[in-house]
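The structure appears below as structure tokens.
Residue numbers (UniProt numbering): 1 to 541.
Quick look at the structure:
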């Protein structure tokens, strides 16, 4: 391999939604781009999360790229909330349509990325032994890609089949006639349990923390609905970019306590029918006022009691440790009704914790459960986990993991002081998981591409966030979060699901539309908060 072959304008780490778009956008600028992806194919989260019942909780028509108008008009989503299979088929189509696979080495995990100050280049090393250099390093590593498997005594001694929902096999798993244990009732567990229960002989659900979940109200998309959406896509996208969460949904103009009980119930009924996490958007004060939030909580708790026939089981399925919505509300299909089945058992780990996993199953301090299949639906080391598993070093050998030992520090969720020419897509400090991740990826990549154009136009070699700007942005994110109910929950937004991880509310909670304005203003002010240095060197020099 010649120096020209291994020296690029940009390296993109990851071939999920953001990585694919980054490769497309940078190539359109005429840049030499190389990508690395640890999986065998494109798709990121949607490549790995193949567990039964896996769906997106953002409507398909919104959870899709907007950069290709012909694609928007040609692609036909079949359901309101697309399955994993359909989303992956869509991303495969996009990759083929724009020849994006040719930029990537697949089955190749990046192990380190080290900045050379003298050369002004990043050296990226992989587990296959391949090393490349690039002027820019783009971390499109995903926010829900580093799986979290709890350290339970005897975890690896189980003699049956073991799976993690975030690393599901490509071939179907046969549950017929099997005794299945599921540890975890977050999004993946709640989506998978009803499907598994339809096939398995017995399902034992080990629940530590119950979660609020609202029926998806999923349905097939009719030709008339799709025609209307496609005719008005431009306006739908415009409203989405102005919104708080990247979808064209606006709350009631008045607060929950500013309307009478009948009107409040009517509004909640309307948002219940919309389904899933959108319920948090019913009233504008729902996530900032405990009094307002309580009205939503009481409404949903009554719904759960209607769906679960055993009052004692219903009590155990209703959260008591967080305001509704401060952990992302799950979008389900038949979850609570599943506990009415004779073959489903709920084990409350707060009453009877797991003491060990044995060769034959799971033992709590009260009982032993013999199993054939054990599933860990225990989520991810969110937002920072995929980055912490790479040895990333900036100026003077500064380690990103050390810089973030007390919690992630970024400027705009895009850049880190001390790490020139490195960008993070949908990183901590951006709206990230609180927004539509597809439009979030497009917004970040577009901003980065415009930034690189500015650097080239002004013969600037490096761009780096200043420490002062990062400090101010972290403070701004903390202030915004403190003004809401979100920090009161031990959620993965704060890293609370990973032992030893600093408890810091990681996303920017000020709204997707507001964030877009802030980023645009930073660019318009000559990239305020960034240090711009030197004359750019040509690739290969």
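Even for Gly, the Cβ is constructed at its ideal location relative to N, Cα and C.
Going by DSSP in three states, residue i sits in which element: helix, strand or coil?
i: residue 419; result: coil
i: residue 77; result: coil
i: residue 374; result: strand
i: residue 279; result: helix
i: residue 98; result: coil
i: residue 168; result: coil
i: residue 270; result: helix
i: residue 54; result: coil
i: residue 111; result: strand
i: residue 424; result: strand
i: residue 388; result: helix
i: residue 225; result: helix
i: residue 401; result: helix
Roughly how many whole angstroms lie between the Cα atoms of residue i and residue j?
i: residue 13; j: residue 227; result: 36 Å
i: residue 349; j: residue 504; result: 26 Å
i: residue 137; j: residue 255; result: 44 Å
i: residue 174; j: residue 407; result: 41 Å
i: residue 235; j: residue 469; result: 34 Å
i: residue 484; j: residue 288; result: 4 Å
i: residue 309; j: residue 418; result: 57 Å
i: residue 68; j: residue 459; result: 30 Å
i: residue 246; j: residue 159; result: 45 Å
i: residue 59; j: residue 80; result: 6 Å
i: residue 290; j: residue 486; result: 11 Å
i: residue 180; j: residue 442; result: 40 Å
i: residue 20; j: residue 371; result: 40 Å
i: residue 462; j: residue 451; result: 11 Å
i: residue 514; j: residue 431; result: 10 Å
i: residue 141; j: residue 261; result: 45 Å
i: residue 390; j: residue 126; result: 10 Å
i: residue 229; j: residue 354; result: 49 Å
i: residue 475; j: residue 520; result: 20 Å
By alpha-carbon positions, which one of the options ends up nearest to residue i?
i: residue 550; options: 231, 229 and 248; result: Nothing can be reported for residue 550: it is not among the residues displayed for the chain, which extend from 1 to 541.
i: residue 161; options: 375, 430, 519 and 421; result: 375
i: residue 512; options: 433, 212 and 475; result: 433
i: residue 78; options: 86, 71 and 72; result: 86
i: residue 44; options: 187, 521, 462 and 139; result: 139
i: residue 233; options: 49, 493, 74 and 527; result: 74
i: residue 341; options: 313, 332, 366 and 253; result: 313
i: residue 143; options: 171, 359 and 15; result: 15
i: residue 120; options: 10, 93 and 508; result: 10
i: residue 373; options: 357, 387, 481 and 388; result: 357
i: residue 34; options: 103, 185 and 472; result: 103
i: residue 204; options: 49, 152, 369 and 457; result: 369
i: residue 152; options: 453, 474, 499 and 265; result: 499
i: residue 532; options: 425, 311, 456 and 488; result: 456
i: residue 333; options: 189, 488 and 72; result: 189
i: residue 61; options: 219, 345, 49 and 481; result: 219
Are the CB atoms of residue j and residue i within a distance shorter than 8 Å?
i: residue 335; j: residue 299; result: no
i: residue 444; j: residue 38; result: no
i: residue 465; j: residue 530; result: yes
i: residue 516; j: residue 101; result: no
i: residue 377; j: residue 192; result: yes
i: residue 297; j: residue 324; result: yes
i: residue 32; j: residue 8; result: yes
i: residue 149; j: residue 164; result: yes
i: residue 394; j: residue 115; result: yes
i: residue 321; j: residue 491; result: no
i: residue 447; j: residue 525; result: no
i: residue 421; j: residue 135; result: yes
i: residue 206; j: residue 362; result: yes
i: residue 111; j: residue 130; result: no
i: residue 427; j: residue 439; result: no
i: residue 24; j: residue 64; result: no
i: residue 338; j: residue 200; result: no
i: residue 542; j: residue 214; result: The structure shown does not extend to residue 542, since the chain is modelled only from 1 through 541, so no value can be given for it.
i: residue 283; j: residue 292; result: yes
i: residue 306; j: residue 318; result: no
i: residue 397; j: residue 410; result: no
i: residue 128; j: residue 6; result: no
i: residue 326; j: residue 57; result: no
i: residue 47; j: residue 41; result: yes
i: residue 55; j: residue 83; result: yes
i: residue 281; j: residue 271; result: yes
So with Cβ pairs under 8 Å, would you call residue i a contact of chain D?
i: residue 306; result: Chain labels in this structure do not include chain D; a single protein chain is all it has.
Original post:
Considering only residues of the region 459 to 533, which uninterrupted beta strand (DSSP E) runs meet the minimum length of 3 residues and lie entirely inside it, listed in chain order?
Top reply: As far as the region 459 to 533 is concerned, its whole beta strand (DSSP E) runs of at least 3 residues are 462 to 465 and 530 to 533.
**OP:** Quick one: which unbroken alpha helix (DSSP H) runs of 4-plus residues sit fully inside the region 292 to 377? Chain order, please.
**Re:** Within the region 292 to 377, the complete alpha helix (DSSP H) runs of at least 4 residues are 311 to 317 and 335 to 338.
Original post:
Which full runs of the beta strand (DSSP E) of 3+ residues lie inside the region 138 to 223, going along the chain?
Top reply: As far as the region 138 to 223 is concerned, its whole beta strand (DSSP E) runs of at least 3 residues are 161 to 164, 179 to 183, 202 to 207 and 213 to 215.
Original post:
Which ranges would you report for the alpha helix (DSSP H) in the region 17 to 70 if only whole runs of at least 4 residues count?
Top reply: Counting whole runs of 4 or more residues, the region 17 to 70 contains the alpha helix (DSSP H) stretches 17 to 28 and 45 to 48.
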